[in-house]
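**Q** In this note's numbering, the protein residues as written are 12 to 473. Using N, Cα and C, we set each Cβ at its ideal position, and we do this for glycine too. Just passing along the structure, written as C-alpha cells.
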Amino acid sequence: MVISSQPAALPAMFEQDQDLHSPNRNLTPLGTTLDAHGRLQVGGCTLSELARTYGTPLYVLDEATLRGTCRAYREALQAHYPGPSLALYASKANSSLALSALVASEGLGLDAVSAGELLTALQGGMPPGRIVLHGNNKSAEELALAAGAGVTIVADNWRDLELLAELAPGLNAPVQLMLRFTPGIECHTHEYIRTGHLDSKFGFDPDQLETVLRHLQGCSWARLNGLHAHIGSQIFELQPHRDLAGVMADALALARSLGHPVNDLNVGGGLGIRYVASDDPPSIDAWVQTVAEAVVRACQERALALPRLLCEPGRSLVATAGVTLYSVGSCKEIPGIRTYLSVDGGMSDNPRPITYQSRYTAVLADRPNAPAGETVTVAGKHCESGDVLLKDVALPPAVPGDVLVVFATGAYNASMGSNYNRIPRPAAVLVSSGIAELVQRREQPEELLRYDVVPARLAPIT
Ligand code: LLP
12 MVISSQPAAL PAMFEQDQDL HSPNRNLTPL GTTLDAHGRL QVGGCTLSEL
62 ARTYGTPLYV LDEATLRGTC RAYREALQAH YPGPSLALYA SKANSSLALS
112 ALVASEGLGL DAVSAGELLT ALQGGMPPGR IVLHGNNKSA EELALAAGAG
162 VTIVADNWRD LELLAELAPG LNAPVQLMLR FTPGIECHTH EYIRTGHLDS
212 KFGFDPDQLE TVLRHLQGCS WARLNGLHAH IGSQIFELQP HRDLAGVMAD
262 ALALARSLGH PVNDLNVGGG LGIRYVASDD PPSIDAWVQT VAEAVVRACQ
312 ERALALPRLL CEPGRSLVAT AGVTLYSVGS CKEIPGIRTY LSVDGGMSDN
362 PRPITYQSRY TAVLADRPNA PAGETVTVAG KHCESGDVLL KDVALPPAVP
412 GDVLVVFATG AYNASMGSNY NRIPRPAAVL VSSGIAELVQ RREQPEELLR
462 YDVVPARLAP IT
C-alpha cells in the first residue's frame, strides 16, 4: 500500500484569504486544516473529536481568528486614521465573559445594549471607560448601572435624557454622554437589520438634533462627548459609509458650534462577512480605510479638528471565528421532492435562517472532501416546518452520528438563541493551538424549569 506523504487539501471553496486583514472574507476560521486522517481541524482541534468530548450541538470559537479580527481593526485604524481611534465590539453579536475578556485583552472597547450585556462586559474585565450603552428603551435601572459604573451612555431619545436627569443628583460625576441620531442613509441589506433610514426606531430624528444639542447646553449633569450613527448590518457596499461621514461631520460641526466639546465620532458597525462562496464583502482593512478617509475628508472640508474615530463592529469580529457542530440523525427521503437530513439543533441555536432566510455553508467534519452525492435540506429538530438550517445544499451521503459543521456561526447565533421546545442551549468551546476550553457550559433540561412557579392550588406536582 502506498501512503501519500502529501496532506490532503481543504475543499477549494475554503481557500483562505492570506491577507490577515481580511479574516471576514474567509468561509472558515483562520488556519482551518485537515488532520492526518483527512478530518477537519480548527485551532488545531479535530472537530469530530470535540463533538465526541463535549456533545452536540456545539459552538466552537477559534481564538486565532478572534484575535486576528481584533488586530485587523486596530491596525487598520492606526494605518488609515491620523487621529486617535477605538474599535468597540458590538457584543450583541455574541456576548460572554470569555469573549469580553478576550476583546478587552486586545485593547478594544465594547458596545452593550442591556444590563445583561453590560454586566457581562464589566465582569469579563472590560474597563468601563471603554464601554458604551446603547438602546432605544433603556430602563432606569440600566441607566443607573451604566452611569454609576462610568460607562458612556448613548442617548437615543428624550426619555433617556429625562431618566438621566432624574438619576443625576445621585451620581458623583457627570454622565458621559453620546448622542445617537438617524442619519437617513439607505443601504442594501435585509429590512429587519437596516437602521440608518429615517423610518427607524433608533436615535433622534436629524431634524431634532439642534433642539437636543441646545437642550443639553442647560444640563450641567451631562458631558456630551460624542455623536453616534449606525446604518445597518451585513453591508457589502462602501458608499453608504462614505455618505455617513459627511452627515456626521455636519452634526459634529453643529455640536461644536453650540459649545459642546464633542471629540468622539462613532460611525457604528455593519461590515458584512462571507456566509456562502458567492458572498464578496470588502476586507476589514478596506472598510476601515474607506471610513477613515471619508471622515478625514469631511472634517477637512468643514475645517473641523479631527475627532477620535470610533466604530462598532459586531459580526465581522466574531462570525467567521465560529462554527457549529451538529450530529446527523434521521433522514427522510420524499422521492422526487426533497431529502430532509435532520440534526440535533436548529432554530434555537441558529435562528438566522428562519428569521432572515440567511444562507450558510456546511460540510461533514470527517469527510470534507467527499464528493457531494445528493442535494439535501438540513432540518433542525424543532416542531416547526420552517426550522431549516440549510436549504438544498450539496452534501456527501451522511449517516446517523456523522458530525455536520456549519461555518460562520460566531455572530448572532448563540446571542439570538432561544429555548424553543424547551431545548437546552449548546455548550461553547474556545480552541487554540490544539487545546479546547469550555467557555459556556451546556444547559441541562432540568435547568429549564428553574424559573417555573406552580401556584399551590394546581399542586400536587412532584
Ligand atoms: N452598533 C449598533 C448600534 C448596532 O445596532 C449594531 C447592530 C452594531 C453596531 C453591529 O453591527 P454589525 O457590525 O454586527 O453589523 N441579528 C441580525 C443583525 C442585527 C444587527 C443589529 N445591530 C443578524 O443576525 O443578521
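For residue 72, write down the residues that DSSP places opposite it in a beta bridge.
**A** 333, 441
**Q** So, using beta-carbon positions, are residue 390 and residue 351 closer together than 7 Å?
**A** yes
**Q** At a threshold of 6 Å, does residue 157 count as lining the ligand LLP (C-beta to nearest heavy atom)?
**A** The ligand LLP has no heavy atom closer than 6 Å to the beta-carbon of residue 157.
**Q** According to DSSP, simplified to helix, strand and coil, what is residue 189?
**A** strand
**Q** Using beta-carbon positions only, say whether residue 234 and residue 187 come within less than 7 Å of one another.
**A** Annotated as proximal: residue 234 and residue 187, with beta-carbon spacing under 7 Å.
**Q** My understanding is that residue 251 touches residue 340, with C-beta atoms under 8 Å, so please give their C-beta distance in whole angstroms.
**A** Residue 251 to residue 340, Cβ: 43 Å. No contact.
**Q** Classify residue 394: buried if its beta carbon has 16 or more other beta carbons within 10 angstroms, exposed otherwise.
**A** It counts as exposed.
**Q** Helix, strand or coil for residue 103, going by three-state DSSP, please let me know.
**A** helix
**Q** Between residue 260 and residue 307, what straight-line distance do the alpha-carbon atoms span, to the nearest angstrom?
**A** 9 Å
**Q** Can you tell me whether DSSP reads residue 448 as helix, strand or coil?
**A** strand
**Q** So is residue 16 buried or exposed if we call it buried at 16+ other beta carbons inside 10 Å?
**A** Note that residue 16 has pLDDT 48, beneath the 50 cutoff, so the model's placement of it is unreliable and the number below is only indicative. Under this definition residue 16 is an exposed residue.
**Q** With DSSP as the reference, identify every bridge partner of residue 274, one or two as the case may be.
**A** Paired residues: none, contrary to the question.
**Q** If we ignore side chains and look at the alpha-carbon of each, how far apart do residue 108 and residue 193 end up?
**A** If you draw a straight line from the Cα of residue 108 to the Cα of residue 193, it comes to about 31 Å.
**Q** With C-beta atoms as the reference, is residue 332 less than 7 Å away from residue 73?
**A** yes
**Q** Below 7 Å CB to CB, which residues in the same chain sit around residue 19 once its five sequence neighbours on both sides are set aside?
**A** 45, 49, 380
**Q** Pick out whichever of 323, 135, 313, 423 has its Cα sitting closest to the Cα of residue 365.
**A** 423
**Q** Work out the CA separation of residue 406 and residue 452 for me, nearest whole Å.
**A** 30 Å
**Q** For the beta strand (DSSP E) holding residue 322, just list the boundary residues, first then last.
**A** First-last of the beta strand (DSSP E) with residue 322: 319-322.
**Q** For residue 370, does the three-state DSSP call read helix, strand or coil?
**A** Looking at residue 370 - three-state DSSP - the assignment turns out to be coil, as it is neither helix nor strand.
**Q** Pick from 88, 213, 196, 113: whose alpha carbon is nearest that of residue 147?
**A** The residue with the shortest Cα to Cα distance from residue 147 is 213.
**Q** Does the beta-carbon of residue 145 have 16 or more other beta-carbons within 10 angstroms, so that it is buried, or is it exposed?
**A** buried
**Q** Where does residue 344 fall in DSSP's three states?
**A** In the displayed model, residue 344 falls within a strand according to three-state DSSP.
**Q** Put residue 365 into one of helix, strand or coil per three-state DSSP.
**A** Note: residue 365 maps to helix in three-state DSSP.
**Q** Do you know offhand how far residue 254's Cα is from residue 302's?
**A** 9 Å
**Q** Excluding the five sequence neighbours on either side, which residues of its own chain have a C-beta within less than 8 Å of the C-beta of residue 32, listed in chain order?
**A** 83, 86, 87, 294, 295, 296
**Q** With contact counted as at least three CB pairs below 8 Å, one residue from each stretch, are the segment 371-378 and the segment 427-445 in contact?
**A** no
**Q** Give a yes or no on whether the C-beta atoms belonging to residue 98 and residue 77 are separated by under 7 Å.
**A** no
**Q** Can you tell me which of the three DSSP states residue 167 falls into?
**A** Residue state, collapsed to three classes: coil.
**Q** From residue 161 to residue 441, what does the alpha carbon distance come to, in whole angstroms?
**A** If you take the alpha carbons of residue 161 and residue 441, they lie about 30 Å apart.
**Q** Measure the C-alpha to C-alpha separation of residue 115 and residue 137 and round it to an integer number of angstroms.
**A** 5 Å
**Q** Does at least one heavy atom of the ligand LLP sit under 6 Å from the Cβ of residue 423?
**A** yes
**Q** Roughly how many angstroms lie between the CA atoms of residue 41 and residue 65, to the nearest whole one?
**A** 22 Å
**Q** Heavy atom of the ligand LLP less than 6 Å from the Cβ of residue 323, yes or no?
**A** yes
**Q** Near residue 292, which residues of its chain fall below 7 Å by C-beta distance, leaving aside the five closest residues on each side in sequence?
**A** 35, 36, 247, 282, 283, 284, 285
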